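Residue numbers (this note's numbering): 30 to 199.
Just so it is clear, CB atoms sit at the ideal spot from N, CA and C, and this is done for glycine as well.
Keep in mind that this is a model prediction, so the values were computed, not measured.
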Amino acid sequence: MRPRAVSAPLLALCLAALAACGVNDTSPARAGAPASGLRRSPGRPAATVHVYFSSPLGLERVSRLDNRPNTLQAAMDRLVAGPDPAERARGLVSLIPPGTPAPTAVTPRPGTADVRLPPGWTANRTALHQLVCTAADAAATPHGAEPQDTRVRLHRPGGGEPTTEVCARP
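Here it is in structure tokens:
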């Protein structure tokens with residue numbers, strides 16, 4: 030038998046096998062409700078609080094839910110608590126020393142956050158940057174502003190003039 034005579038029926042047999050692979054046409058099917066994001070706890074509707082932790086690539090924004098009405102203070106509390114185990118597994122760290130008390134923070138007017146550092150606050154520049162970006166984000170969010178447009182006034186223990194910082198994220 031000639032090679033061409035054998036290859037034509039073999040090719041037809043292969044094409045028939047591929048065409049009958051057993052997958053039928055289907056129409057769209059319902060899959061349930063869409064994904065809903067972070068789980069909310071019962072009670073007061075939760076607000077999303079953003080906290081900034083350090084990573085090998087710089088600061089990284091993390092979302093947390095909190096039921097307290099003052100999201101700025103909630104963000105400060107969440108910041109000093111540090112990353113959770115899943116965030117640490119992703120390489121996120123806080124450079125704020127463990128056991129450091131949370132600063133108190135208020136928003137006297139839109140576009141400004143006043144942060145009072147507790148006595149004994151010792152943090153390096155990156156930790157201070159974490160604090161400033163967390164405060165700026167929390168103060169900006171209720172007003173629909175951007176964190177980099179919010180001024181954070183840092184009040185150090187012992188008084189003196191506060192220093193004004195901004196979150197200069199790349």
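Does the region 90-109 come close enough to the region 127-137 to have 3 or more Cβ pairs within less than 8 Å?
yes
Helix, strand or coil for residue 163, going by three-state DSSP, please let me know.
As a first step, residue 163 must be located in the sequence shown, where it is residue number 134. Helix.
Look up residue 183 in the DSSP assignment and give the residues it is bridged to.
Here residue 183 is taken as the residue at index 154 of the sequence shown, counted from 1. Partner(s): 144, 192.
In or out: residue 159 buried (at least 16 other Cβ within 10 Å) or exposed?
Sequence index remark: in the sequence shown, residue 159 carries index 130 (1-based). The residue in question, residue 159, is buried, as its Cβ has 16 or more Cβ neighbours within 10 Å.
Going by Cα to Cα distance, which pick from 94, 147, 139, 92 is closest to residue 173?
In the sequence shown, the residue the question calls residue 173 occupies position 144. When each option's Cα is compared against that of residue 173, the closest is 139.
Going by the DSSP bridge assignment, what does residue 175 pair with across the sheet?
Here residue 175 is taken as the residue at index 146 of the sequence shown, counted from 1. The partner list for residue 175 (beta bridge, DSSP) is empty, contrary to what the question assumes.
Verify whether the separation of the beta carbon atoms of residue 186 and residue 147 is less than 9 Å.
Counted from its first residue, the sequence shown places residue 186 at position 157. Counted from its first residue, the sequence shown places residue 147 at position 118. Yes, the pair counts as a contact, with Cβ atoms nearer than the cut-off.
Per-residue DSSP class, three states only, for residue 100:
Residue 100 sits at position 71 when you count from the first residue of the sequence shown. Helix at residue 100.
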